[in-house]
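**Q**
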Amino acid sequence: MLKNMVKKSFEALLIQIMRYYGISILLTPLLKFFIDLLIDILLS
């Protein structure tokens, strides 16, 4: 449950950053994969 909330807020933050810098939306799935991996490592 907590992991999902953390993941959601990370994703929301990243989307904001990407919009600000105009980073390609095509990179989103890749970034989400890395975020999931990072969160799994941090919360395990």
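If you're matching positions, the sequence shown starts at 1 in our numbering and goes up one per residue.
Note that beta-carbon positions come from the ideal geometry of N, C-alpha and C, so glycine has one too.
(1) Along the chain, where does the alpha helix (DSSP H) containing Met-1 start, and where does it finish?
(2) Would DSSP call Phe-44 helix, strand or coil?
(3) Taking the C-alpha atoms as reference points, what is the distance between Leu-2 and Gln-16?
(4) Given this structure, state the Cα-to-Cα distance separating Thr-28 from Leu-38, to the nearest angstrom.
**A** Short version:
(1) Neither: Met-1 is in no alpha helix (DSSP H) and is coded neither H nor E.
(2) In the sequence as displayed, the identity of residue 44 is Ser instead of Phe. In the three-state scheme derived from DSSP, where H, G and I count as helix and E and B as strand, Ser-44 is classed as coil.
(3) Straight-line Cα distance between these residues: approximately 21 Å.
(4) A straight line joining the alpha-carbon of Thr-28 with that of Leu-38 spans about 15 Å.
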